[in-house]
Each structure stands twice: as C-alpha cells, then as structure tokens.
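Please read the structure below before turning to the comments.
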Amino acid sequence: MMQEVAAGNPSSKRLSRPLTLLAIAATLATGGVMVYSVSQGRMPQSSTTPSTVISTPQIKTVTALGRLEPEGEAIALSAPTSAEGNRVDQLLVKEGDRVRKGQAIAILNSRDRLQASVMQAQEQVRVAQAKLDQVRAGAKTGEIQAQRSQIAQLEAERVGDLNAQAATVARLEAEVQNAQVEYQRYALLYQNGAVSASQRDSKRLTLTTAQKQLQEAQAARDRTRNSRQQQLNEARATLDRIAEVRPVDVQVAHADVRQALAAVEQAKANLEQASVRSPQDGQILKIYTRPGELISNDGIAEIGRTQQMFAIAEVYQSDIKNIRPGQTARVSSDSIDSELSGTVEQVGYKVLRQDIVNSDPSANIDGRIVEVKIRLDADSTRKAARLTNQQVKVVIEL
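If you want it as structure tokens, here you go:
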C-alpha cells in the first residue's frame, strides 16, 4: 500500500527518502551501541584506565579535654605521722591567703606540752654542765682538810692502841717469866722432898695461865695493828681520790653534757612538729580542718603555686604523635569569659586512662590518653588562678 501511494504522489516520494535514511542511521547507531556495550562487558578492563586520587585533609589542630592546675600541682598540708590524733589549736591562714615557704599555717594542741619538754631538757643541760665544772675543780678545800684530819686521828688512835697493847704484852711477859722461875724452883724443891706435888702443880698452872694470857695479848696487839693500818690506808686513799681530778671523770661529765644537749635538740624537733609550715610559696586553696577539730584525712589545708598556672590536656594516644613542646594552645571554658593561651611545655611519658569525662554521650569514656602540660601566659595565669581543677577544652595548634 505504501508503494501505491508513493507512485501516485511524487511529492510524497521525495519526502519519504530522507526519512528512510534517518531511520536506517538511527537503527545502525542503536545496534552499534549495543554491540559496544556487550563487547565491553565481555572484554577485560584495560590496565591503562586512570586511577582516582583521594586527597587527605591536613590536620591543623588537636582538641582535648583538660583541667587547670597550679605549678607543681596542689599539695595537701598535714601534720607529721607522729602527731596523729592531735587537734588544730590555731589556724593562722584563710582561703585565698598567699604564704611563703616555711610560714606556719597552723599550731597543734601539743605545742604547750612539747614546749615544757624543751624547758626540762634545757634544765638537764645546766645540771650536767654544773657537774662537769665540779669535776674539773676537784673536791672542796674543806673536804680535803677534813679528810686529812681524819687520817691524823686514825694515826693517833693507832699509836695509842698499839702502845696500850704493847704495855699489856710486856706485863704479861714479865708475869710469865716470874711464873716460869717460880715453877722451876718448886719443881726442884719437889724433887728434894721439900714441897708437895700439889704445890708444884699449882705453880705450873700459874705458869700455863700466864702464857695463855700473853698469847691472847699478843694476838690482840696484832689485830689492832692490822685493823688500824687498814683504816689508815682507806682514809689516805679517800684523800687521794677527792684531791685528784681524773681525766676519765672529766670525760664522763663531758659525755653527760653532750647527751643533755642532744636531748634539747630532740625536744626542739618535736616542738617544731607542733607547727605545720608551708613547704613552698603559694596560695591557700582550701581549708579542711578548723581550730578544735581533729586533723582530717584530707589534711589541714591545700596549697598551690597559683602564681603560675598550667592546663593539663588529656590528649588521645592516637594524636600524641603530633604534639611537640613549644606549640601554642588555646584554652576555653564556660567559667572563663575569654580564651586562655599558653605553650606546650611537656608531653607525658605514660599512657593513662582518661579521667575527665566528656558530657557528649557519644564520646569515648574509656579512652587512653597522655597528659600534656601547657604553661599559661601571665595574663591567662591571672584569670585562671582561682579556678584550680576547672574542666577546660584545649585546642593545640600543630
């Protein structure tokens, strides 16, 4: 039918030819695309296909949570262990006061008792010194003279007793001699029959009695001589002892003085423990124990060197490789009107568990961190001096 129409209408024949050519071209194009797609699906990908390059953004800052601390951290001031159980008698500071190293901040109630111990020890020193002076001077002149008088008296008594004993012995020797002569005469008369045996025996008994009395007198004389000599020797030894200043006595007295002086130093050291002193210059941050109270477990007070403040940033261990001393840091907090600034001073050497918990519930609350110490500048230190332990946000510029 189409042919008939074409033959009958020459203008229609002229229009149908371009349309036919256009349809053929479209068909060929469609077939070519299909063939190319199939061939591309079957053929392996060419190795010359260019790869896509992904650029990693450069990290310019590290952000971490942190806290504000005074230089050297805050220190709890308490009494020595030996002062456990004591009460605070006087509190010499209040919160916010600035103190100097060695300044007393509190007096314990043991001070009066320990002060009395010092005075007692000092008195013992004076006693020991007096004994040393006495030993050096030797015995008193009166004591030496009295001892000499005693020696003279003993000597006189010795001579008197010995003289009396000698007289007794001499008398008894004479009696023995007379009794001996009388006995011999009666013995001769008895042999001649001039006297009886009883008369002779009587004279012999008289001789024997006289001999025994002489022996007793001689023994008494010897005892008197020995005892009196012993008394005299002891008295002379006493005189020598009290008149002599022996070096060993001086050394002993010196040792007593040194011991007494050591006791004074010990008592003073104990007294010093009744005063609680600051170990450094700083500022009183918190009072934990008031006058009349037992010293608490937290101590008496907390002190910090707020004249230089630091921010302690808890940087995740994955970021710590980018942190170096000298890098600048910005510190901010809701409690601070303006940002604080500082410089990284020290990077910690130990990985720790994160102490500061982020308020973001999606944050890692069991992270491993390294502490980075940031020294705040003078203006920032002044602003942060009253905010010890304040939680802050730290941004470190890389």
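Following our numbering, the residues of the sequence shown are numbered contiguously, the last one being 1269. Cβ coordinates follow ideal geometry from the N, Cα and C atoms, glycine included.
Does the beta-carbon distance from residue i to residue j come in below 8 angstroms?
i: LEU1078; j: TYR1054; result: yes
i: PRO941; j: THR1259; result: yes
i: ALA1133; j: GLN995; result: no
i: GLU1268; j: LYS1244; result: no
i: ILE978; j: SER1149; result: no
i: VAL1241; j: VAL1218; result: yes
i: ARG982; j: GLY1163; result: no
i: ALA945; j: LEU1156; result: yes
i: VAL1006; j: ALA1108; result: no
i: LEU1003; j: VAL1119; result: no
i: LEU985; j: ALA1145; result: yes
Residue i by DSSP, collapsed to three states: which one?
i: GLY1031; result: helix
i: GLU966; result: coil
i: ALA1133; result: helix
i: LYS1002; result: helix
i: ALA1145; result: coil
i: LEU1059; result: helix
i: THR952; result: helix
i: ALA1126; result: helix
i: SER988; result: helix
i: SER1203; result: strand
i: VAL1185; result: The sequence shown places Glu at residue 1185, not Val. Residue state, collapsed to three classes: strand.
i: THR1259; result: coil
i: GLU821; result: In the structure displayed, the chain extends from 872 to 1269; residue 821 sits before or after that span and is not available.
i: MET914; result: For MET914, the predicted model reports a pLDDT of 40, less than 50, meaning its position is unreliable and no value from the coordinates is stated.
i: GLN1198; result: coil
i: ARG1176; result: strand
i: GLN929; result: coil
i: ASP960; result: strand
i: ILE1015; result: helix
i: ILE1227; result: coil
Assign residue i to one of two classes, buried (16 or more other C-beta atoms within 10 Å of its C-beta) or exposed (fewer than that).
i: GLY1175; result: buried
i: GLN1048; result: exposed
i: MET1180; result: buried
i: ILE930; result: exposed
i: GLN1195; result: With the sequence shown as reference, residue 1195 is identified as Arg, and Gln is not the correct amino acid for it. Under this definition ARG1195 is an exposed residue.
i: VAL1121; result: exposed
i: GLN1154; result: buried
i: ALA1255; result: buried
i: ASN1104; result: exposed
i: GLY1170; result: buried
i: THR1160; result: buried
i: GLN1101; result: exposed
i: GLY937; result: buried
i: TYR1057; result: buried
May I ask which residues mark the beginning and end of the beta strand (DSSP E) holding residue i?
i: GLN1154; result: 1153-1158
i: LYS1192; result: Here LYS1192 belongs to no beta strand (DSSP E), and DSSP marks it neither H nor E.
i: LYS1221; result: 1211-1224
i: LYS1264; result: 1262-1268
i: PRO941; result: 932-948
i: ALA977; result: 975-979
The alpha helix (DSSP H) spanning residue i covers which residue range?
i: ILE1113; result: 1068-1114
i: THR1252; result: 1249-1255
Which whole-angstrom value is the C-beta distance of residue i and residue j, which I expect to be below 8 angstroms?
i: ASP1226; j: GLU1185; result: 7 angstroms
i: THR1270; j: GLN1024; result: A query on residue 1270 cannot be resolved here, the shown segment of the chain reaching from 872 to 1269 and no further.
i: ALA1172; j: VAL998; result: Not confirmed; about 41 angstroms, so no contact.
i: SER1212; j: ASP1248; result: 6 angstroms
i: LEU1033; j: LEU1085; result: That pair is no contact at about 17 angstroms.
i: VAL989; j: LEU1110; result: Not really, about 43 angstroms apart at Cβ, beyond 8 angstroms.
i: VAL1222; j: ALA992; result: Contact flag wrong, Cβ pair sits at about 54 angstroms.
i: ARG1224; j: ARG1239; result: 7 angstroms
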